Amino acid sequence: MGSFDGIFDGLNEGQHQAVATTEGPLLVLAGAGSGKTRVLTHRIAHLIGGCGIPPESILAVTFTNKAAGEMRERIEKLLGPVAEGLWVGTFHSTCVRILRRDIGQIGRSRGFVIYDDSDSLAVIKEVLRRHDLDPKTHDPRGLRWRIDQWKNQGVLPARAVEEAGDLDDELSAELYVTYQRLLADANALDFGDLLLLTVELFRHYPEVLAHYQRRWQYVLVDEYQDTNRVQYQLVRMLAAQHENLCVVGDPDQSVYGWRGADIRNIMAFEHDYENAKVVKLEQNYRSTQPILSGASAVVSNNQGRRDKEMFTERTDGAVIRRYEAYDDRDEAQYVVRQILEGARGGDQAYGDYAILYRTNAQSRGFEEELLKYDIPYVVVGGVRFYDRAEIKDVLGYLRLVVNPQDDQALRRVVNRPARGIGKTTVDRAQQLAQQQGVPMLEALGRLVDSGQAGRSAKRVVAFLELMSGLAREVPSRRVDEAIALVLDRSGYLAALAKEATPEAEARHENLKELLTSAEDFHAVNALSPDEERGELEVFLDQVALISDLDSYEQREERVSLLTAHSAKGLEFERVFMTGMEEGIFPHGNSSRSEEGLEEERRLCYVGMTRAMNHLTLCWATERRRYGERSYQTASRFLDEIPSEFVEVIQSDAAPRQSFGGGGGRGAAQGGGFDEYAQDEVSIDYSFNQEGPDEITVRKGMRVRHPVFGVGTVGAVVGNGLDQKLRIKFDRVGIKTVMLRYANLEPA
DNA sequence: TCTGTAGGCGTTTTT
DNA sequence: CGCCTACAGA
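Read in order, the letters of the first sequence correspond to residues 74 to 820 in my numbering.
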């Protein structure tokens, strides 16, 4: 096999073999930092450029849009635009694509919408209501979790009912039936459905499956250790004929068991595919010896591991630091000071640093500390941009236009902004809808026609007119125009402007950001529009499937804050792993079972191996949890690192007298005084957007606000993230604006 | 119908 | 501690 344009240049033996083995089943066991993306991209480039395989015959599946995007980019770099017809996508987006074409076969409409977490939770609550169950005794999130598990396992409602083991299960299964019916009525699919229904489609319609089998002669799967049962089945079906299947993964980085991922999928690959070849990539190109050895030592405590011995040629390097903080504040201070020192020394950029933690809630303390020193940062994960209330409101209108059956969207938008259509009216509409078997939007109309709308009839008519107006105009517009139209016609923007609170200001900012991203979307989409589906539909699909992580980009000028889970696949020059305490990492909910604990340990391995040159592990003897003081012990994982790789640093911080608010109300006075004591604060916008950048605002200073005009700064209220400024504006009087969002400039 | 407040509850990780 | 929900009052 000849090399093509240096596709094989610079690959080590294992990588070379993985790239060159194009036919038949192949398992690539790729340890952390072993160049697995390189293997995948070069393999695809080799298939196309070297073997002459048409790009449209290749399917590459990843878990995140970000990974998919990066892969495509790197392939295009290797091959140029030849890669056009190549399909690189997530499991979910791939399934959407299949279902948009063929879901009609299993009796569903191709115009379905995708329900996200909060939509599906709302449906769950509706299910409980219909079964006369109290959400207090029947936890909606628990039920959703149970249903999700079923879907991950490939279990349809009927089978769940059949196989229910006890009364509890039986009830859950019945609720699953109702849930699924409600989704169908709304012409909606949840995340789990995308995978589950695709597998069902393939199972019952072999000719449909055959179509995709013929089309995708070569299938590649990234992060195979994270596949769940349905994903496993899907891959298996697609590859069944040709078995040109290459899966890449690392059992030591399997950290999504709670989401249904089954580590056995990767462990049993050779059993599943008889002629499978196995390639191990054991050279780590990322980390120094102490980091790699420390991380390997931790994960080697897991039982039943697949043997893998990682090595690095970077045998020098600083030892791992272990910092023992007095409390969580001390921990945050230490980390931020280290960052400050590194950056002031001039050698490090802020972007070289990542602060990792186990749970999103832990970010807050670090954010406040970073804010104090004006250090730019980005928090990855947590609340999705598209999950913010105002964004979902606006998208709700668009969803309802695209799919008038979308009851969740209707419930969301019908009274936002407040237009006097309250609970009573909505409940009536809901009842009528249920009785007559029509969507709620339709039911609203019938309510008016039959004179049952009472006092709110007029307002309901106005709403229906608004919706039909939008339905008429939106389809012919660009997405960004459609959004602008909704904002205007619905009175949403006007209501926000009238509110004139810092929160409203923040929401307005987010909506502007939405408009910008819609413009960007249009610009890209216009280049290769989908022939069958409108721009808006494609936009809504994308929005439903995008995660916060997907839009994250590492930038030189800002520190990254993220969970260990989110950090998977990334690398940083310097990493702080924080909250390394029993109960947090390993997390209390996972430490009870041995499998849970092993997954935590793998997660620890993932976190540690993100570091290229410097790794610091922090823990605190005391920590505020649920607002209460809790005494912590060091994570067992810390003691699993051989001491030769570790330097222990003790905090010299003096124990503080009290914890912020302490136990009693009396402390609030102190806090209150403190809040108003500040008279100078500087604002750094750079973590939020590009652009200019930092100004210092002083009490008495004249500033210009983009909406309220010129004014004089009064007081600075609050601290940290919630910091607000009270400003007396010349035109509109005293307003409080939120520091983070008010785009102030000196006047 | 809307707004304010008190109480309860929770936090694991996310496509 | 902070968010969300349920409920009471206007």
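All C-beta atoms in this analysis are idealised placements derived from N, C-alpha and C, irrespective of residue type, glycine included. Nothing here was measured: the structure is a model prediction, and the numbers come from that model.
Determine the direct distance from the alpha carbon of Gly97 to that of Ala349, and round the result to whole angstroms. 7 Å
Residue of Ser360, Leu159, Gly377, Arg181 minimising C-alpha distance to Asp389: Ser360
When DSSP labels each residue in this structure, what does Leu311 get in the three-state scheme? helix
Would you tell me roughly how many angstroms separate the C-alpha atoms of Val117 and Glu129, rounded to the nearest one? According to the sequence as given, residue 117 is Ile; it is not Val. Roughly 11 Å between the two C-alpha positions.
If we ignore side chains and look at the alpha-carbon of each, how far apart do Arg183 and Asp175 end up? 8 Å
Euclidean distance between Cα positions of Gln90 and Asn583: 48 Å
The segment 214–234 / the segment 246–258 touching (three or more Cβ pairs under 8 Å): yes
Host alpha helix (DSSP H) of Leu588 (start-end): 575–598
Taking the CB atoms as reference points, tell me whether Leu798 and Thr809 lie closer together than 8 Å. yes
Tell me which residue opens and which closes the beta strand (DSSP E) that Arg395 is part of. 393–400
Let me make sure I understand the geometry here. Which of Arg417, Asp325, Arg489 has the alpha-carbon closest to that of Ile339? Asp325
By a C-beta neighbour count over all protein chains shown, 10 Å radius and 16 as the cutoff for buried, is Leu84 buried or exposed? buried
Is there contact between the segment 147–167 and the segment 583–593, where contact requires at least three CB pairs shorter than 8 Å? no
Sufficient close CB pairs (3 or more, under 8 Å) joining the segment 622–630 to the segment 393–405: no
Does DSSP put Ser639 in a helix, in a strand, or in coil? helix
Kindly indicate the opening and closing residues of the alpha helix (DSSP H) around Trp223. 213–225
Ordered along the chain, which non-local residues of its own chain (more than five positions away) have a Cβ less than 8 Å from that of Glu695? Tyr399, Asp400, Asp401, Arg702, Ser703, Tyr704, Gln705
Given a threshold of 16 other Cβ atoms within 10 Å of its Cβ, counted over all protein chains shown, does Asp553 qualify as buried or as exposed? buried
What runs of the beta strand (DSSP E), each 3 residues or longer, lie entirely inside the segment 258–309? 261–263, 291–294
Quick one: what does DSSP say Leu229 is sitting in, helix, strand or coil? coil
From Ala617 to Gly527, what does the alpha carbon distance come to, in whole angstroms? 37 Å
Contacts around Gly162, its chain only, beta-carbon distance under 6 Å, and the 5 residues preceding and following it disregarded: Ala141
List, from N- to C-terminal side, the beta strand (DSSP E) runs of 3 residues or more that fit wholly inside the segment 329–363. 350–354
Here's the rule: buried if 16 or more other CB atoms are within 10 angstroms of the residue's CB, otherwise exposed. What is Ser663? buried
Kindly indicate which three-state DSSP category Pro208 falls into: helix, strand or coil? coil
Roughly how many angstroms separate the alpha carbons of Cys319 and Leu520, rounded to a whole number? 57 Å
Determine the DSSP secondary structure at Tyr459, reduced to helix, strand or coil. helix
So for Cys823, helix, strand or coil by DSSP? No answer is possible for residue 823: it lies beyond the span of the chain, which begins at 74 and ends at 820.
Kindly indicate the opening and closing residues of the beta strand (DSSP E) around Ile117. No beta strand (DSSP E) holds Ile117; the alpha helix (DSSP H) holding it covers 109–118.
Going by the CB atoms, is the gap between Val475 and Glu629 shorter than 8 Å? no
Which value, in whole angstroms, describes the spacing of the CA atoms of Ile412 and Ala261? 47 Å
Just the Cα atoms here: how many angstroms apart are Ser366 and Phe710? 14 Å
Can you give me the Cβ contacts of Ser601 inside the same chain, cut-off strictly under 7 Å, excluding the 5 residues immediately before and after it? none
Distance between Gly454 and Leu613 (C-alpha atoms, nearest Å): 20 Å
Measure the alpha-carbon distance for Ser541 versus Val456 and round it to whole angstroms. 32 Å
Leu113 and Asp241: beta carbons closer than 8 Å? no
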